[in-house]
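Residue numbers (our numbering), protein chains in the order written: chain A, 45 to 459; chain B, 524 to 686.
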Amino acid sequence: MYDPIYGYIGLTAQEVKIVDTMAFQRLHNIRQLGTAFFVYPGATHSRFSHSLGTMFLMDRVAQRLRELGIINDIDEIRRLRLAALLHDVGHFPFSHCLELPIKEHSNKKEGNHEKLSVHIIHKTSVKDELDTYKPSDISSIITKEYVKHPIYSLLISSDMDVDRMDYLMRDAHETGVSYGFIDVDRLIRTLKVTEDHLAIEDKGRQALENFLLARYHMYQVIYYHKTVVGFELMLQRIYEKLMEKNVAYDFDQICKLKEEELYDFNDSYVWHMLKEHKKDRKPLRELISRFRKRHRLKKVKEIQGISISGAQKPSYSKMSMVEVPHQLKGLSTESKVPIDWIFYKTPKPLSILSKADDETAIWIVKEDGTSMPIAQDTDSIISNLYNSCFLSARVYTKDEYEEQLVKGIKVCFEI
Amino acid sequence: MSGESKFRLLAAFKHLNQKIDMKDFKSRLMLQKETYLLQEMGLHLGHAYGWYLHGPYSRDVASDGFQLVSIQDCKDSLIPLSKSDKKHINKLKELISEAQQTFSKMDEDYCLELLASLHFVLKHGYPHPKNESSALKQFLALKPKFSSDAKKALHLLKEYNLT
C-alpha cells in the first residue's frame with residue numbers, strides 16, 4: 045500500500061487478509077483525530093492509515109532490535125507487526141472522544157478500545173486469518189500482558205513507542221501543523237536497549253529531544269486546542285444521553301454485535317444518531333444542533349500554563365475540583381446554570397517526559413558506554429525541562445450562561 | 524481517569540491513612556502497586572495495567588498521581604466511599620500488614636512489588652501458566668530477587684482469594 049508518510053508499506057499475504065476483514069476495514073470510517081476537523085479541516089485521516097503506519101514502524105524497530113540481538117526469532121517480529129497492525133482495531137467512533145462516556149457506562153469501568161480490540165482479535169474473522177498464531181499471541185502484546193520481556197510493553201506504550209512516532213508525523217502531515225515532524229530514521233538507527241530500558245545512543249540525542257518536544261507542542265496546538273476540546277465535550281455529553289436513552293450502543297452491546305454490524309459502528313453511525321435524534325427534547329436537541337452546525341461552546345474559565353515554580357498550581361488545583369461530583373452540583377446550584385450545560389476538562393498534566401526512574405522513561409547511552417535516563421543527562425536540554433509540565437483546566441458553557449457561570453466559579457472555587 | 528474514579532482513588536488512600544506522594548521512585552511504585560491490588564480486590568477504577576520492568580504498571584495512574592498530589596489537600600476533595608469500597612481497602616491493609624510480617628523484608632515497596640507482580644503473572648500474564656508450579660517458575664525467571672518469598676506470596680494471595 046502507498047502511504048503519504050512512508051511511501052510503500054509492504055504487507056505479507058496474511059496481513060493483507062487481515063486488512064481485508066470487515067473488522068479492520070471499519071477503521072477507514074473512524075477519524076484519527078475525532079473532532080479536530082472542526083478546526084483543522086485536513087484532519088480527516090483515519091485509524092486505518094495510522095494502523096498501517098504503526099505496523100511499518102514496528103517492523104523497522106523490530107529489525108533494529110534483531111540487529112542488537114534482543115529479538116532473535118523471525119516469528120517474534122511477525123507477531124510484533126500483527127500487534128501493531130491490530131493495536132487500534134477496537135477504536136470507537138471519533139477515536140478517543142467517545143472513550144470516556146463508553147468506559148464510564150460500562151461494567152467495572154473496563155470498557156475501552158483496547159478491550160474491544162482484544163474482543164475483535166478473538167471473536168471475529170480476524171482470528172481465522174491469524175492462522176498459526178493464537179489470538180492471545182497477538183492480543184497479549186497489545187494489552188502489555190506479554191511477560192517474556194518488558195521491552196514488548198515499551199514498544200507499545202512508552203515515552204518513545206511506535207504508536208506515538210506514527211501519530212505525531214501523520215497528524216502533522218494531515219493538519220498542516222509542522223511541529224509533529226520528527227527524524228524517525230535517526231531515532232530507529234540509534235535505538236538501543238540498556239538494562240531493559242529503551243535507549244538512544246548519544247549521537248541520536250537531538251532526534252530524541254526533538255521527538256519529545258514535538259509531542260509536547262502537538263498536544264498544546266492540536267489535541268488540547270480549546271475549540272477541539274469543546275466539540276469533544278459536546279459529543280461526549282450527547283453520546284452519554286443517547287446511551288441513557290438506550291438508543292446508542294454501550295460497551296456490552298458493542299461486544300455482542302456481529303462483525304457486519306460492528307463494521308457499521310463508526311463515525312457514520314454517530315452522525316446518523318445525531319440526525320435521528322435532532323428533534324429530541326432539550327437539552328439533547330440543542331446539543332445535537334450545536335454540534336451539527338459547528339456552533340461551539342464558550343470557554344468561560346481557563347487555568348493554563350507551564351508549571352515550573354509551582355505558581356500555577358494553586359489555581360489549577362482549585363479549578364480541578366469542578367470534577368468532584370458534589371462540587372459540580374454545587375456550582376450548578378450557585379450559578380443557576382443547568383448541569384447539562386457545564387462542561388469541564390482537566391487533562392492529565394503534560395510533562396515532557398516521564399520521571400527519571402519511571403518504567404517508561406527513555407535512557408541515553410553515552411559514548412563511553414555509560415547510560416542514564418535522559419532526564420538525568422545534563423548535556424540534554426530535556427533535563428532542564430524535566431520538572432515542568434503543561435497544566436490545563438477549562439470550563440465551558442453556552443454563551444448566554446457565561447456571566448453567571450464565571451460568578452459561580454468565583455464563589456465556589458475562589459478563582 | 525474520570526473525575527469520579529480519580530477522587531475515589533484519593534478517598535481510598537485517605538482511608539489507608541496515606542498521602543499520595545510522587546516525590547521518589549519508592550512512593551510512585553507503591554501508588555502503582557496499591558492501586559493495582561485495590562482494583563484486583565474489587566475497587567473499580569478502570570485502569571489498564573501492563574507488564575513493565577517492576578511488574579504491573581499503568582501510565583494513567585502515573586500521570587493521575589501527579590494531578591492528585593496537587594489537589595489532595597483541597598477542601599472537599601474527597602467523595603464518600605461505599606461500604607464495599609471500604610471493605611476492599613481494609614482487606615488490602617490487612618494483606619500488606621500480613622506480608623510485612625511474613626516476608627524476609629518488611630519494606631512495604633518490596634512486599635507490594637512481590638504481591639502485585641506475582642498476581643499479574645498468575646492472572647494476566649501471557650503465556651498463561653498451566654498450574655501454580657509453572658506460574659512460580661515463570662515468575663522467578665522474571666523476578667529472581669523474590670526467590671525467598673515467592674511461595675509465601677502465593678500462599679497469601681490464595682488466602683485473600685486473589686488467585
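Cβ atoms here follow ideal geometry from the backbone N, Cα and C, with glycine treated the same way.
Assigned secondary structure, residue i (DSSP; H/G/I helix, E/B strand, else coil)
i	result
residue 327 of chain A	coil
residue 283 of chain A	helix
residue 439 of chain A	strand
residue 657 of chain B	helix
residue 268 of chain A	coil
residue 51 of chain A	strand
residue 353 of chain A	Caution is warranted here: a pLDDT of 46 is assigned to residue 353 of chain A, below 50, making its placement in the model unreliable, and the coordinate value is therefore given only provisionally. Coil, per DSSP.
residue 456 of chain A	helix
residue 121 of chain A	helix
residue 365 of chain A	helix
residue 187 of chain A	coil
residue 347 of chain A	strand
residue 424 of chain A	coil
residue 602 of chain B	coil
residue 405 of chain A	coil
Where residue i meets chain B, residues with beta-carbon distance less than 7 Å
i	result
residue 360 of chain A	593
residue 191 of chain A	574, 644, 648, 649, 665
residue 184 of chain A	649
residue 236 of chain A	Near residue 236 of chain A there are no residues of chain B at all, since even the closest Cβ is about 16 Å away, more than 7 Å.
residue 201 of chain A	573, 582
residue 357 of chain A	593
Beta-carbon proximity check, residue i vs residue j, cutoff 8 Å
i	j	result
residue 557 of chain B	residue 635 of chain B	yes
residue 119 of chain A	residue 194 of chain A	no
residue 197 of chain A	residue 188 of chain A	yes
residue 552 of chain B	residue 632 of chain B	yes
residue 1 of chain A	residue 127 of chain A	Since the first residue of chain A shown is 45 and the last is 459, residue 1 of chain A is not available in this structure.
residue 396 of chain A	residue 432 of chain A	yes
residue 662 of chain B	residue 638 of chain B	no
residue 462 of chain A	residue 66 of chain A	Residue 462 of chain A is absent from the model: chain A starts at 45 and stops at 459.
residue 394 of chain A	residue 260 of chain A	yes
residue 446 of chain A	residue 342 of chain A	yes
residue 465 of chain A	residue 74 of chain A	The first residue shown for chain A is 45 and the last is 459, placing residue 465 of chain A beyond what the model contains.
residue 87 of chain A	residue 219 of chain A	yes
CA-to-CA distance, residue j to residue i, given in whole angstroms
i	j	result
residue 563 of chain B	residue 613 of chain B	14 Å
residue 179 of chain A	residue 602 of chain B	40 Å
residue 158 of chain A	residue 133 of chain A	8 Å
residue 529 of chain B	residue 438 of chain A	17 Å
residue 575 of chain B	residue 644 of chain B	12 Å
residue 389 of chain A	residue 246 of chain A	38 Å
residue 256 of chain A	residue 324 of chain A	45 Å
residue 384 of chain A	residue 281 of chain A	8 Å
residue 107 of chain A	residue 321 of chain A	50 Å
residue 93 of chain A	residue 85 of chain A	17 Å
residue 540 of chain B	residue 411 of chain A	47 Å
residue 295 of chain A	residue 91 of chain A	20 Å
residue 453 of chain A	residue 373 of chain A	12 Å
residue 45 of chain A	residue 54 of chain A	7 Å
residue 228 of chain A	residue 162 of chain A	29 Å
residue 434 of chain A	residue 309 of chain A	34 Å
residue 583 of chain B	residue 375 of chain A	27 Å
residue 192 of chain A	residue 609 of chain B	35 Å
residue 630 of chain B	residue 327 of chain A	54 Å
residue 379 of chain A	residue 152 of chain A	33 Å
Interface residues of chain A facing residue i [CB-CB closer than 9 Å]
i	result
residue 571 of chain B	154, 156, 158, 159, 187, 188
residue 599 of chain B	365, 368, 370, 371, 374
Interface residues of chain A facing residue i [CB-CB closer than 8 Å]
i	result
residue 602 of chain B	368, 369, 370
residue 576 of chain B	194, 240, 241, 403
residue 605 of chain B	Chain A residues near residue 605 of chain B: none, gap ~14 Å exceeds 8 Å.
residue 568 of chain B	153
Chain-ordered neighbours of residue i on chain A, where CB pairs are closer than 7 Å
i	result
residue 580 of chain B	403
Interface residues of chain B facing residue i [CB-CB closer than 8 Å]
i	result
residue 393 of chain A	586, 589, 590
Minimum Cβ-Cβ distance from residue i to chain C less than 8 Å
i	result
residue 415 of chain A	Given the protein chain composition of this structure (A and B), no chain C is represented.
Residue i Cβ short of 7 Å to the ligand HEM heavy atom set
i	result
residue 81 of chain A	In terms of ligand content, the structure shown is empty, and the ligand HEM therefore cannot be addressed.
Handout entry: the region 542-554 of chain B: positions lying closer than 8 Å to chain A by Cβ
Key = 545, 548, 551
Handout entry: Residues within the region 255-284 of chain A neighbouring chain B, beta-carbon criterion of under 8 Å
Key = none
Exercise for the section: Using a Cβ-Cβ cut-off of less than 9 Å, give me the residues of the region 617-645 of chain B that come near chain A, in sequence order. Expected result: 643, 644
Problem - Proximal residues, the region 363-383 of chain A versus chain B, C-beta separation under 9 Å - result: 364, 365, 366, 367, 368, 369, 370, 371, 372, 374
Problem - chain A contacts made by the region 655-668 of chain B, where a contact means CB separation under 7 Å - result: 665
Exercise for the section: Select from the region 108-141 of chain A all residues with a C-beta closer than 9 Å to any C-beta belonging to chain B, and list them in chain order. Expected result: none
Problem - Chain-ordered residues of the region 433-449 of chain A with a beta carbon less than 9 Å from chain B - result: 433, 435
Practice task
Closer than 9 Å, Cβ to Cβ, to anything on chain A: give me those residues from the region 527-542 of chain B, in chain order.
Solution key: 527, 528, 529, 530
Exercise for the section: With 7 Å as the limit, tell me which residues of the region 289-319 of chain A have their beta carbon closer than that to any beta carbon of chain B; keep them in chain order. Expected result: none
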